[in-house]
Ligand SMILES: Nc1ncnc2c1ncn2[C@@H]1O[C@H](COP(=O)(O)OP(=O)(O)OP(=O)(O)O)[C@@H](O)[C@H]1O
Ligand SMILES: [Mg+2]
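Residue numbers (our numbering), protein chains in the order written: chain G, 1 to 326; chain W, 327 to 589.
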């Protein structure tokens, strides 16, 4: 386990920002902290990266105690903070070189690594521009590149896509999901975008300082019940009866549409088509979202004004999951 | 990837790069250089020239020469403070976090910052010092080197003091507080414009706890060594040097401790 957290608590005066949380992160995976504003995500990251001491509890990163061996922890981690931490009056190149000195990258590798990192995030052409001339997305990418330049074992990303447009978000995600393979790095990220959390191998849902659920995205979604399949047919009455008889599934009807719940919608549909295929006009599959999970656990949506799901990301996430399942 | 280089080299690299960053930004920001050079020139040739009409020429060194060490001190005071106070900016704009999560000792960060202020202040002081022939000074090489060395030590001490201040202030609104209630009084009570020995008792005490006073005094020793009257230095040279060294050490230690502290 590359990260190990035991009964971690952090109090600020009257607020308990992090309330007795425990979790572990396996090396080479993407671990996501999903939670609304003020849930305690950043506070947890600040403790793990040694900027803050906890009120009680213990935390280990890469085998080192975050409180007792901060120097060893710092060597093992890279971090992209929620707010930009670039020097806007230096160029992209200078920001990265500054970093290589702080992390003691060998002199003969320095230039090569900086150039590689800049190419990796598509900023090589802009390397001599002052960072204040960069767009939000470019700054974010530059920070990710910087976080990787000293080859950390764990990369912390605190809301990496904050303030980015859907296009840049999708690009950044594509990039982040490649990290474990390409850079042998474990990713610990926070977000309050549901769709983004889908790419994680494991998610912890955090609310008001407490972890209220943990597991793979699929495990979490299964806790709120199965997939729902909606069918429009030429003959609802007979179809309903046939499905119930042949497949043994309970079917209900609502506004001209039949719907049924099953564990695995994607295998259930073909099966159904084989039996009642000729009567079907349309089929749609609705899977539970992480928002449903959050809703069920807390009785509120993760963000009051949940942004409409952006097509780009959704599609990207789907493609990514398909790739991964193979 | 962990490099097995000596820990000292790691710390040296950190100090070096913190200074290099400050230097680069200093070179780039023409306006900052301009204002830190313009301010002492205004005081020297406008305030200084005006007041010198009030001072009778037979008290000792000409007034414009008398204030020259103080003007060098002012150059250093403003530029060292500005450099260190930029830590508040770094905190506000987040860059400080990039430094704080790095695997370098907090002490190196403080030394790096203090040396940053030292480098840029000394450069500016040397530019002002180059005016000496126009003020009627005839200085030997050793005097020039001596003044530069003292300038560098005061710069270090004031920069370290600035870091201590910066660790206690969180936002840049506090900058004007520091400017009006710390920097300006430090300048006026440093013996820059008038000898400390002529001040009323209470201001004399204030001057004596002002570290800049001893820096200005040390320069007076070197710039007009034969002055014996009212305009002469106020403290023995050895005291001046000791105070500069001791305050530097104390400020660096306090700043290091302050950086160590976590919420
Ligand atoms: N330095 C601090 N002093 C006092 N309270 C704090 C401090 N830092 C955080 N908090 C409080 O702790 C709680 C958790 O904050 P935290 O920044 O960890 O939330 P978060 O999950 O990162 O939220 P967001 O999604 O908005 O970034 C909040 O109620 C916040 O007000
Ligand atoms: Mg946060």
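The C-beta atom is built at its ideal place from N, Cα and C for all residues, glycine as well.
Being a predicted model, the structure only gives us computed values, none of them experimental.
| Going by C-alpha distance, which of W/376, W/482, W/519 is nearest residue 285 of chain W? | No answer is possible for residue 285 of chain W: it lies beyond the span of chain W, which begins at 327 and ends at 589.
| Is it buried or exposed for residue 134 of chain G, if we count other Cβ within 10 angstroms and need 16 for buried? | Here the question's residue 134 of chain G lines up with position 134 in the first chain. Its Cβ being crowded by 16 or more others within 10 Å, residue 134 of chain G is buried.
| message | Less than 8 Å between the beta carbons of residue 86 of chain G and residue 159 of chain G, yes or no? | response | In the first chain, the residue the question calls residue 86 of chain G occupies position 86. In the first chain, the residue the question calls residue 159 of chain G occupies position 159. No, the pair does not count as a contact, with Cβ atoms beyond the cut-off.
| Pairwise C-alpha distance: residue 75 of chain G and residue 505 of chain W | On the second chain, residue 505 of chain W is found 179 positions in, with the first residue counted as 1. On the first chain, residue 75 of chain G is found 75 positions in, with the first residue counted as 1. In a straight line, the C-alpha of residue 505 of chain W is about 38 Å away from that of residue 75 of chain G.
| residue 467 of chain W at chain G interface by Cβ criterion, 8 Å | By one-based count along the second chain, residue 467 of chain W stands at place 141. No, residue 467 of chain W does not count as interfacial toward chain G.
| Quick check: the segment 441-453 of chain W against the segment 483-491 of chain W, are there 3 or more CB pairs under 8 Å? | yes
| So is residue 304 of chain G buried or exposed if we call it buried at 16+ other beta carbons inside 10 Å? | Working through the first chain from its first residue, we reach residue 304 of chain G at position 304. Bear in mind that a pLDDT of 49 at residue 304 of chain G, under 50, signals an unreliable position, so the model cannot answer this.
| Under the criterion of a Cβ to heavy atom distance below 7 Å, does residue 158 of chain G qualify as lining ligand 2? | To locate residue 158 of chain G, count along the first chain from 1; it is residue 158. Flag set: Cβ of residue 158 of chain G near ligand 2.
| query | At what residues does the alpha helix (DSSP H) containing residue 507 of chain W begin and finish? | reply | By one-based count along the second chain, residue 507 of chain W stands at place 181. For residue 507 of chain W, no alpha helix (DSSP H) run applies, since DSSP gives it neither H nor E.
| Listed by chain order, chain G residues near residue 428 of chain W by CB distance under 7 Å | The sequence position of residue 428 of chain W within the second chain is 102, counting from 1. Simply 74, 102, 103.
| task | Please state whether DSSP places residue 549 of chain W in a helix, a strand or coil. | result | Residue mapping note: residue 549 of chain W aligns to position 223 of the second chain, counting from 1. The answer is helix: DSSP assigns residue 549 of chain W an H, G or I state.
| task | Rank G/96, G/188, G/46 by C-alpha distance to the C-alpha of residue 426 of chain W and give the top, closest one. | result | By 1-based counting over the second chain, the position of residue 426 of chain W is 100. The option with the nearest alpha carbon to residue 426 of chain W is G/46.
| So, helix, strand or coil for residue 304 of chain G, using DSSP? | Indexing the first chain from 1 puts residue 304 of chain G at position 304. No answer about residue 304 of chain G holds up, because its pLDDT of 49 lies below 50 and its placement is not dependable.
| task | Below 9 Å between beta carbons is the criterion; list the residues of the segment 473-493 of chain W that meet it against any residue of chain G, in chain order. | result | none
| request: Go ahead and label residue 398 of chain W buried or exposed: buried means 16 or more other beta carbons lie within 10 angstroms of its beta carbon, across all protein chains shown. | output: Working through the second chain from its first residue, we reach residue 398 of chain W at position 72. That one is buried.
| said: Any heavy atom of ligand 1 closer than 7 Å to the beta-carbon of residue 291 of chain G? | reply: The sequence position of residue 291 of chain G within the first chain is 291, counting from 1. Answer for residue 291 of chain G: no, Cβ out of range of ligand 1.
| message | Could you check whether the Cβ of residue 294 of chain G sits closer than 8 Å to any Cβ belonging to chain W? | response | Your numbering for residue 294 of chain G matches position 294 in the first chain. Taking 8 Å as the threshold, the shortest C-beta distance from residue 294 of chain G to chain W does not fall below it.
| task | Grab the span of the beta strand (DSSP E) containing residue 211 of chain G for me, first residue to last. | result | Within the first chain, the letter at position 211 stands for residue 211 of chain G. Per DSSP, residue 211 of chain G belongs to the beta strand (DSSP E) from 210-215.
| request: Could you name the residues of the segment 48-65 of chain G whose beta carbon sits closer than 9 Å to any beta carbon of chain W, in the order they occur along the chain? | output: 49, 50, 51, 52, 53
| said: Let me confirm a value: residue 252 of chain G is counted as buried when at least 16 other C-beta atoms fall within 10 Å, else exposed. Which label applies? | reply: In the first chain, counting from the first residue as 1, residue 252 of chain G sits at position 252. With a threshold of 16 other beta carbon atoms within 10 Å, residue 252 of chain G falls short and is exposed.
| For a contact meaning CB atoms closer than 7 Å, what does residue 84 of chain G contact in chain W? | On the first chain, position 84 is the one that residue 84 of chain G refers to. The contacting residues are 420.
| task | Give a yes or no on whether the minimum CB-CB distance between residue 81 of chain G and chain W is below 8 Å. | result | To locate residue 81 of chain G, count along the first chain from 1; it is residue 81. Closer than 8 Å: yes.
| query | Can you name the residues that DSSP bridges to residue 33 of chain G? | reply | The residue given as residue 33 of chain G occupies position 33 in the first chain. Answer is G/190, G/204.
| task | Using 10 angstroms around the beta-carbon of residue 462 of chain W, count the other beta-carbons present and answer buried if the total reaches 16, otherwise exposed. | result | Here residue 462 of chain W refers to the residue found at position 136 when the second chain is read from its first residue. The residue in question, residue 462 of chain W, is exposed, as its Cβ has fewer than 16 Cβ neighbours within 10 Å.
| request: At 7 Å on the CB atoms, spell out the chain W contacts of residue 98 of chain G, in chain order. | output: Against the first chain, residue 98 of chain G aligns to sequence position 98. Those within 7 Å of residue 98 of chain G in chain W are 343, 347.
| query | Who are residue 286 of chain G's beta bridge partners in DSSP? | reply | Translated into positions along the first chain, residue 286 of chain G becomes position 286. DSSP lists G/228 as the beta-bridge partner residues of residue 286 of chain G.
| query | In or out: residue 50 of chain G buried (at least 16 other Cβ within 10 Å) or exposed? | reply | Position 50 of the first chain, counting from 1, holds the residue named residue 50 of chain G. Buried: at least 16 other Cβ atoms inside 10 Å.
| query | Per DSSP, residue 4 of chain G forms a beta bridge with which residues? | reply | Translated into positions along the first chain, residue 4 of chain G becomes position 4. DSSP output for residue 4 of chain G lists G/24, G/60 as bridge partner(s).
| task | Between the Cα of residue 68 of chain G and those of G/54, G/78, G/81, spot the shortest distance and give me the residue it belongs to. | result | The count along the first chain starts at 1 and reaches residue 68 of chain G at position 68. Ranking G/54, G/78, G/81 by Cα distance to residue 68 of chain G puts G/54 first.
| query | Say the cut is 7 Å; is the CB of residue 42 of chain G nearer than that to a heavy atom of ligand 2? | reply | By one-based count along the first chain, residue 42 of chain G stands at place 42. Flag set: Cβ of residue 42 of chain G near ligand 2.
| task | Name the two residues that bound the continuous beta strand (DSSP E) containing residue 261 of chain G. | result | In the first chain, the residue the question calls residue 261 of chain G occupies position 261. Where residue 261 of chain G is concerned, the enclosing beta strand (DSSP E) stretches over 257-262.
| task | Indicate whether residue 672 of chain W and residue 578 of chain W have their beta-carbon atoms separated by less than 8 Å. | result | Residue coverage of chain W in this structure runs from 327 to 589, which leaves residue 672 of chain W outside it and unanswerable.
| task | Could you give the DSSP three-state label for residue 252 of chain G: helix, strand or coil? | result | On the first chain, position 252 is the one that residue 252 of chain G refers to. DSSP places residue 252 of chain G in strand when its eight states are reduced to three.
| said: I want to check one thing, is the minimum distance from the CB of residue 294 of chain G to the heavy atoms of ligand 1 below 7 Å? | reply: Position 294 of the first chain, counting from 1, holds the residue named residue 294 of chain G. Every heavy atom of ligand 1 is 7 Å or more from the Cβ of residue 294 of chain G, so no.
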